[in-house]
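Below: the structure, in structure tokens.
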Amino acid sequence: MTDKIDIPDEAVRVKPIFEKEPGREIADEVRAWVKRTGEPHLWRGHTHTKPPGVGTQPLYIGRYSLPVLQGIQRWAPCPCCSPNNLKYFREGRIAWFPEERVIRNIGDKCYRTLNPEGHELAERGLLTREREERRRTYMLANFDKVRPMIEVAEKIVPIGQAVEAARRILAARFDQLLPNAFWEYVRDGRVSIITRHKAPVQIRGEDEKERWFELPEPYGSPLSGYLLFKRPGRSIVSGLKKSIIALGAIDFGEGFREHIEAMTTEHRAQAERLFAKSRSEIERCRTVIADEVGFFSAMNIATLKGWSLHRQCPAPIYIDFSDGKMIVGRDQNSASPLELPPDMWKRIPELPALAG
Ligand SMILES: [Zn+2]
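Plus 1 on top of the position in the sequence shown (first one is 1) and you've got our numbering.
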């Protein structure tokens, strides 16, 4: 597009009014102006003169895109390369030139021709600035959930303790009855029975003979929650407690917004990492609990009961479930219910949902 346009003197007048690095509010003001008018070169703070090249280091303090107004895509003139013609329409950069103390609204790639390295550095700086801005917005929108997250984790602790106790109770009963740890029978996520097969074998110096082989064969459906029997088990309580401590360090209370605004970018990054890490750790603990409690499903019990009664079952054990209790023993007569901590059946509270 080469339409020549009139540039008012006011646009060309140098406005050295930005002594310090312009804040977020300036970038917001430019964006709002461009969105409304489609004319970045007419913003009150814009200096429509050609910027100096190599040896100058501008800062890109924001980006904007030119709007479609009354159904027409707006184009803008660029002081870098095309001051009197409409030159670009996709994206612009709000560029601050510290030495001249001016802001120029320019095309997104325009300054590259005048100062390639300066442009690249400014682009990288813009990405960092935008990332920090997203982090700040995210934290302002979500750090009121730090306290509720601590409370949820505290409520999950006794449930986690109950599941960890259940692991010990089950191991004590099962491992005492069996020649191997019960884990050895379920480590593939399902139980097996032993089947016998006949196959010909050639032994040196003799004729080929038929021999019997024993092979394990999967029995029944896969067992949900079988990791309940793995040693050592997946951490629950220690993970929850670590998260509670980490969240405690970023629980800024009622004044969390002021606190976040006042933080350095490094501290903000650190706080956001703690927040995300604690949240995913609590989520992981919730998943482990739900998974291992799922071992006591009707489907699992039916599978295990059938397996324990099967004459090719490799483990001499009896398993049943009755009146909400798991019954385990060497046989039906000697089997007795396992006393599992009632807290393990509690509903696992959910973490508060996040904004944005
Ligand atoms: Zn340009």
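All C-beta atoms, glycine included, are put in the ideal place defined by N, C-alpha and C. Small disclaimer: the values here were computed from a predicted structure and weren't measured.
Using only the heavy atoms of ligand 1, determine whether one of them is closer than 7 Å to the beta carbon of residue i.
i      : result
Ile62  : no
Gly93  : no
Ile283 : no
Ile107 : yes
Lys88  : yes
Ser83  : yes
Cys111 : yes
Cys79  : yes
Spatial neighbours of residue i within its chain, please: C-beta separation below 7 Å, excluding the five flanking residues on both sides.
i      : result
His47  : Ala12, Pro41, Ile104, Arg105 and Asn106
Arg113 : His120
Leu216 : Thr196 and His198
Asn116 : Gly54, Val55 and Thr57
Phe257 : Phe144 and Asp145
Going by DSSP, what residues sit across from residue i in a beta bridge?
i      : result
Glu211 : Pro201
Asp292 : Paired residues: none, contrary to the question.
Leu60  : Trp97
Ser361 : No answer is possible for residue 361: it lies beyond the span of the chain, which begins at 2 and ends at 357.
Ala77  : Tyr89
Lys326 : Ser323
Ile194 : Glu218
Pro338 : Ile328
Ser83  : Cys79
With a 10 Å radius around its C-beta and 16 neighbouring C-beta atoms as the bar for buried, classify residue i as buried or exposed.
i      : result
His268 : exposed
Asp332 : exposed
Gly325 : exposed
His120 : buried
Arg1   : Beyond the ends of the chain as shown, which are 2 and 357, falls residue 1; an answer cannot be given.
Pro52  : buried
Thr304 : buried
Ala299 : exposed
Ile18  : exposed
Trp346 : exposed
Identify, in the order they occur along the chain, each residue of the same chain with its Cβ nearer than 8 Å to the Cβ of residue i, setting aside the five sequence neighbours on each side.
i      : result
Leu339 : Ile170, Leu171, Arg174, Lys326, Met327, Ile328 and Val329
Phe297 : Gly226, Phe322 and Met327
Ala247 : Leu275, Lys278 and Ser279
Gly126 : Leu60 and Tyr61
Leu194 : Here the sequence assigns Ile to residue 194, which means Leu is not the residue at that position. Pro217, Glu218, Tyr220, Trp308, His311, Gln313, Cys314 and Pro315, listed in sequence order.
Trp76  : Met2, Asp4, Leu67, Leu87, Lys88, Tyr89 and Phe90
Val69  : Arg75
So, helix, strand or coil for residue i, using DSSP?
i      : result
Thr138 : helix
Lys5   : strand
Arg105 : strand
Ile318 : coil
Gly262 : Gly is not the amino acid found at residue 262; the sequence shown has Glu there. DSSP places Glu262 in helix when its eight states are reduced to three.
Thr48  : coil
Ser309 : helix
Glu185 : helix
Gln271 : helix
Arg148 : helix
Glu22  : coil
Lys16  : coil
Gln177 : helix
Ile251 : coil
Suppose the cutoff is 6 Å on Cβ atoms and the five residues either side in sequence are ignored; what does the same chain contact list for residue i look like?
i      : result
Pro23  : Ile62 and Trp97
Lys146 : Pro353
Tyr65  : Arg32, Val35 and Gly93
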